[in-house]
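Q: Just so you know, the protein sequences line up as chains A and B, in that order.
The opening residue of the first sequence carries number 1 in our numbering; numbering runs sequentially from there.
The opening residue of the second sequence carries number 1001 in our numbering; numbering runs sequentially from there.
Built from N, CA and C at the ideal position, the CB exists for glycine as well.
It should be emphasised that the depicted structure is a prediction, and the values quoted were computed from it without experimental measurement.
Okay, here's the structure, questions in a sec.
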Amino acid sequence: MSGILNSSIGRKFAMALSAFFLMFFLLQHFAINVTSVFSADTFNETSHFMGTNPLIQYVLQPILLFGVIFHFVMGFVLEIKNKKARQISYAKNNGAANSSWMSRNMIWSGLAILAFMGLHFYDFWFPEINTKFIEGDMSGLLADGSGYRYYEELQHKFVDIWRVALYCIAFVFLALHLLHGFNSAFQSVGANNKYTKGLKGFGKAYAILIPLGFVIIALYHHFNHIS
Amino acid sequence: MNLTLKIWRQKNANDKGKLVDYKINDVSPDMSFLEMLDVLNEQLINKGDDPVAFDHDCREGICGMCSLYINGEAHGPDRGITTCQLHMRMFKDGDTIFIEPFRATAFPVIKDLVVDRTAFDRIQHAGGFISVNTSGNTIDANAIPINKHDADTAFEAATCIGCGACVASCKNSSAMLFVGAKVSQFALLPQGKVEATERVLNMVKQMDEEGFGNCTNTGACEVECPKGISLENIARMNREYLSASLKG
Ligand code: HEM
Ligand code: SF4
Ligand code: FES
């Protein structure tokens, strides 16, 4: 078992495990965001729970952070190794003849997601950490104490049309990443049977609908706030 | 047909190599691709030039010796065939055809279009066999009942001819389709189960040491494989490998 990350198959397996974890997290993140469209109160309460529950903050959040970092670092490691495996490229290569664009460009869709995550952390995660752990305000309340701050902060972020546009673009790349990634992860862990073949449609639906959902939520808050 | 060929010429392993243009006229659409190259070579020899070196042997799609990356695809644009089975009718009069060697760090060019694929042999030596006592007391393979589905699947895996098109087509130069096929053909049969753990560990270790890349599951290999070896073989190898690493 030791040194499994030194083998090609071991690395792929670990890559897929981190990807499964991220896909599960994405679903959970989406479920919470969706509440913001229907009820500011539910969104506020869920956000406060997620942001202050010790199990989530001190156990699940570090695991998530590790999962994200592991995934993109391993993505880079694999990319570098794979480039080294062909040092002289073809003068003419017809990749489209045998594989999808998504599958051949996981590193580029991944980099776009990484860039987005930089913005996302700057927007939400760093301010959270700052408020909670540097200023020590764990109350989750607005400055005037009139209620929870989460919904208001969310609305505030989506006022700027450029930020909304960047969010939308990033989610297109996420969809492209998942259109290949979802089913690829099953193959990586060795699951290729009638059940996983049946999952293909579900994978496509997940890859399109979840990012689309995030986009709709962002647009909703943008236009809801303006009007 | 009159064609322009852009052929990779490289004197030896250390030469830098480059694409060279050749014009070839009156090519019959019924010729095989290798026959077309034979005609070109005859013309080169008559002119006193060095003929283009390329691999071939059976010329009927069973040995896996012929290679070539033709117009951006291993074994050219047709499906389920080797280069020796490719016909010139797949091309049109006036076409320009790129002819390059299979590219992978683990498949270094020896000369022109000939590459060294002995990395595959070393992977096979690492475990692609079963140890059978042949000193007079061998058991007839047919005496052991085998589930029909397993027998068929093993046989399909065993049709891999070791041509290397999977490596050449893969954007990562991964050899997992080849190794997956070689692992699968034994993993499914009772005779192969005895050495299954060491087999997969050793073959994958050798594959990694040869410098092949990691699989991204693009599926290019499966599409370009002349024998239609399925990606299911890679998944089976992954399972075999993961459970073997838990054991060993
Ligand atoms: C943070 C930036 C990210 C980068 C740089 C990145 C990069 C990559 C790369 C290069 C691969 C292909 C690995 C291979 O060769 O097989 C990959 C696979 C994958 N990624 Fe990402 N990714 C990122 C974020 C994400 C996110 C947020 C998700 C899901 C929500 C995700 C889901 C997947 C899935 C499902 C796979 C397929 C795994 C497999 O084939 O085994 N990725 N990623
Ligand atoms: S798996 Fe297919 S492409 Fe790869 S070596 Fe075997 S026959 Fe050739
Ligand atoms: S020469 Fe034998 S397969 Fe092409």
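Check for me: the alpha helix (DSSP H) holding Val1183 of chain B runs from which residue to which?
A: Met1176 to Ala1187
Q: Starting from Ile1180 of chain B, find everything on chain A with Cβ-Cβ shorter than 8 Å and list it in chain order.
A: Note on residue identity: the sequence assigns Gly, not Ile, to residue 1180 of chain B. For a Cβ distance threshold of 8 Å, nothing in chain A lies close to Gly1180 of chain B: the least Cβ distance comes to about 10 Å.
Q: Which runs of the alpha helix (DSSP H) at least 4 residues long sit entirely within the region 112 to 183 of chain A? Give them in chain order.
A: Entirely contained in the region 112 to 183 of chain A, the alpha helix (DSSP H) runs reaching 4 residues are, in chain order, 126 to 129 and 150 to 157.
Q: Excluding sequence positions up to five away, which residues of its chain have a Cβ less than 6 Å from the Cβ of Ser18 of chain A?
A: Gly67, Phe70 and His71
Q: Can you grab the Cα-Cα spacing for the pair Tyr148 of chain A / Lys157 of chain A, in whole Å?
A: 16 Å
Q: Cβ of Asn1172 of chain B within 8 Å of any heavy atom in the ligand HEM?
A: yes
Q: From the beta carbon of Asn1014 of chain B, is the nearest beta carbon of chain A less than 9 Å away?
A: no
Q: If you measure from the beta carbon of Leu174 of chain A to each beta carbon in chain B, is any gap under 9 Å?
A: no
Q: Could you please tell me which residues of the region 1222 to 1233 of chain B, in chain order, have their CB closer than 7 Å to any CB of chain A?
A: Val1223, Glu1224, Leu1231 and Glu1232
Q: From B:Trp1008, B:Met1207 and B:Lys1182, pick the residue whose C-alpha is nearest to that of Arg1103 of chain B; which is it?
A: B:Trp1008
Q: CB-CB under 6 Å to Phe121 of chain A, same chain, minus the five flanking residues each way: which ones, in chain order?
A: Result list for Phe121 of chain A: empty, nothing under 6 Å.
Q: Looking only at C-alpha atoms, which of A:Ala207, A:Phe186 and A:Arg86 sits nearest to Ser109 of chain A?
A: For Ser109 of chain A, the closest of A:Ala207, A:Phe186 and A:Arg86 by C-alpha to C-alpha distance is A:Ala207.
Q: Would the region 1074 to 1089 of chain B count as touching the region 1027 to 1037 of chain B if we require 3 or more Cβ pairs under 8 Å?
A: yes
Q: For the alpha helix (DSSP H) holding Val37 of chain A, just list the boundary residues, first then last.
A: Ser8 to Phe38
Q: To the nearest angstrom, how far is the alpha carbon of Asn1214 of chain B from that of Asp1038 of chain B?
A: Computed Cα separation, rounded: 36 Å.
Q: Considering Cα atoms alone, identify which of B:Met1203, B:Cys1221 and B:Pro1145 is closest to Ser1245 of chain B.
A: B:Met1203
Q: Give every residue of the same chain whose Cβ lies closer than 7 Å to the Cβ of His225 of chain A, excluding the five residues on either side of it in the sequence, and list them in chain order.
A: Gln155, Phe158 and Val159
Q: How about Met106 of chain A: is its C-beta nearer than 9 Å to some C-beta of chain B?
A: Output row for Met106 of chain A: interface = yes.
Q: May I have the straight-line CA-CA distance separating Arg1089 of chain B from Pro1029 of chain B, to the nearest angstrom?
A: Going from the Cα of Arg1089 of chain B to the Cα of Pro1029 of chain B covers about 4 Å.
Q: Going by beta carbon distance, what residues of the same chain come within less than 6 Å of Met1001 of chain B, once the five residues before and after it are set aside?
A: Val1027 and Asp1093
Q: For Asp1057 of chain B, which residues in the same chain have their Cβ closer than 7 Å to its Cβ, ignoring the five residues on either side in sequence?
A: Cys1063 and Met1065
Q: Reducing DSSP to helix, strand and coil, say where Ser1032 of chain B ends up.
A: strand
Q: Against Lys1171 of chain B, what residues of chain A qualify as contacts under a CB-to-CB distance less than 9 Å, listed in chain order?
A: In chain order: Asn82, Arg86, Asn93, Gly95, Ser99, Ser103 and Arg104.
Q: Does Ser1174 of chain B get closer than 9 Å to chain A when you measure Cβ to Cβ?
A: yes
Q: Could you name the residues of chain A that Val1204 of chain B contacts, counting a contact when the two beta carbons are closer than 8 Å?
A: Ser7, Ser8 and Ile9
Q: Using 9 Å as the threshold, is the C-beta distance between Leu5 of chain A and Ala14 of chain A below it?
A: yes
Q: Taking only the alpha-carbon atoms, compute the straight-line gap between Leu27 of chain A and Pro211 of chain A and give it to the nearest angstrom.
A: Linking Leu27 of chain A to Pro211 of chain A through their CA atoms gives a straight-line distance of about 10 Å.
Q: Just verifying my parser: in three-state terms, what is the DSSP assignment at Ile1110 of chain B?
A: Annotated three-state conformation of Ile1110 of chain B is strand, per DSSP.
Q: Using a Cβ cut-off of 8 Å, which residues of the region 1087 to 1111 of chain B contact any Cβ in chain A, in chain order?
A: Phe1098, Glu1100, Arg1103, Ala1104, Thr1105 and Ala1106
Q: Return the residues of the region 111 to 134 of chain A that lie within a Cβ-Cβ distance of less than 9 Å from chain B, sorted by chain order.
A: none
Q: Quick check on this structure: which residue in B:Val1194, B:Asp1095 and B:Leu1177 has the alpha carbon closest to the alpha carbon of Ser1230 of chain B?
A: B:Leu1177
Q: Should Thr1004 of chain B be flagged as near chain A, meaning a C-beta pair shorter than 9 Å?
A: no
Q: Based on Cα-Cα distance, which residue from A:Ala218, A:Phe171 and A:Ser139 lies nearest to Ser47 of chain A?
A: Nearest C-alpha to Ser47 of chain A: A:Ser139.
Q: Helix, strand or coil, according to DSSP, for Thr1159 of chain B in the structure here?
A: coil
Q: Does the contact criterion of 3 or more C-beta pairs under 8 Å hold for the region 1142 to 1154 of chain B versus the region 1193 to 1213 of chain B?
A: no
Q: Does DSSP put Lys1047 of chain B in a helix, in a strand, or in coil?
A: coil
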